[in-house]
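**Student:**
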Amino acid sequence: MSIRGSLSKTRSDEDGPLVSVILPTYEDSEYIGSALRSIAAQTYSHVEVILIDSSGVSWLKSLADEVDWIKYSFQKPTGLAAARNKGIDLAEGEYVGFLDADDKWLPEKLDRQLDVLNNGVDLVYSDVYIQKEKIRRRVKSLPINDPETHHIDFLYEGGVPILSVVVRRRCLETECFDESLPAVEDRHIIIRLFHEYTPGRVAEPLAVYTRRADSMSSNADMMHKAEIMV
1171 MSIRGSLSKT
1181 RSDEDGPLVS
1191 VILPTYEDSE
1201 YIGSALRSIA
1211 AQTYSHVEVI
1221 LIDSSGVSWL
1231 KSLADEVDWI
1241 KYSFQKPTGL
1251 AAARNKGIDL
1261 AEGEYVGFLD
1271 ADDKWLPEKL
1281 DRQLDVLNNG
1291 VDLVYSDVYI
1301 QKEKIRRRVK
1311 SLPINDPETH
1321 HIDFLYEGGV
1331 PILSVVVRRR
1341 CLETECFDES
1351 LPAVEDRHII
1361 IRLFHEYTPG
1371 RVAEPLAVYT
1381 RRADSMSSNA
1391 DMMHKAEIMV
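Note that the numbering used here gives residue 1272 to position 102 of the sequence shown, counting from 1, and the numbers run on in steps of one.
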């Protein structure tokens, strides 16, 4: 199925706060159809996609010209952190979520997480599925034992993938992704957000993370170097 044929050109339901989804792509545009369709399938539909293209793929720009809830911006390939920061700068939503081109969200993700955000927390995350070829397994996210020390728990244990996170945009006015890190820039910003703001959790899988041999998270040497820097 072509991407154009599976995406509505407009979003008629604009009830509730706008959610901006930052979606960077670099030499992985062949996977982006599933990511965009998973956003289009959300039961909460007041969404805009900020598509940051570092490959200069012409059909992505033409797609954004046709679909009014997708914003396209080209950025030279200076890293995932820089691409996400540019997306944050362009975001207009009250809330911001993150999705990579080869991953996807389950349909009720935003509905479930906005329910938690409406209870006064500043950012919320969830369990995820990890997909490798045809095998999918559930990974439970980090429980919140004490919001005051949650950043310390996360530092030692991890367990909060960035694709599961939705955060109030005002929290990102003082925090951004560290562009000096070669990887795990998401872990770095999550620690700082947990330190400064109140977290919430949905203890069910709401996103699917795809492991590919050529993805950044599969590069063990780079990940180790970045972990030391954090």
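Every residue gets a Cβ at the ideal spot worked out from N, C-alpha and C, and that includes glycine.
1) Roughly how many whole angstroms lie between the Cα atoms of I1305 and H1365?
2) State the CB to CB distance for the pair E1374 and S1296, rounded to an integer number of angstroms; the pair is presumed to be in contact (CB under 8 Å).
3) Taking the CB atoms as reference points, tell me whether L1342 and V1266 lie closer together than 8 Å.
4) Is the beta carbon of L1325 sitting closer than 8 Å to the one on I1359?
5) Cutting at 8 Å between CB atoms, please list the residues of its own chain near D1348, excluding the five before and the five after it.
6) Quick one: complete alpha helix (DSSP H) runs, 4+ long, within the segment 1300-1378?
7) Counting only the same chain and skipping the five closest in sequence on each side, list residues whose C-beta sits under 6 Å from that of L1269.
8) Could you pull the start and end residues of the beta strand (DSSP E) that S1190 belongs to?
9) At the level of alpha carbons, what is the spacing between E1345 and W1239?
10) With H, G and I counted as helix, E and B as strand and the rest as coil, what does DSSP make of Y1214?
**Tutor:** Checking against the coordinates, here is how it stands:
1) One C-alpha to the other measures close to 35 Å.
2) Yes, E1374 and S1296 are in contact; Cβ-Cβ is about 6 Å, under 8 Å.
3) Their beta carbons are under 8 Å apart, which means L1342 touches V1266 by this criterion.
4) The beta carbons of L1325 and I1359 sit no closer together than 8 Å.
5) Excluding positions up to five away in sequence, the list reads A1251, E1355, H1358, I1359.
6) Fully enclosed alpha helix (DSSP H) runs of 4 or longer: 1320-1327, 1355-1366.
7) Excluding five sequence positions before and after L1269, the CB atoms of its chain that fall closer than 6 Å to its own CB belong to V1191, L1193, A1205, L1333, given in chain order.
8) DSSP places S1190 inside the beta strand (DSSP E), whose first and last residues are 1189-1195.
9) Whole-angstrom Cα-Cα distance: 25 Å.
10) In this structure, Y1214 counts as coil in the three-state DSSP scheme.
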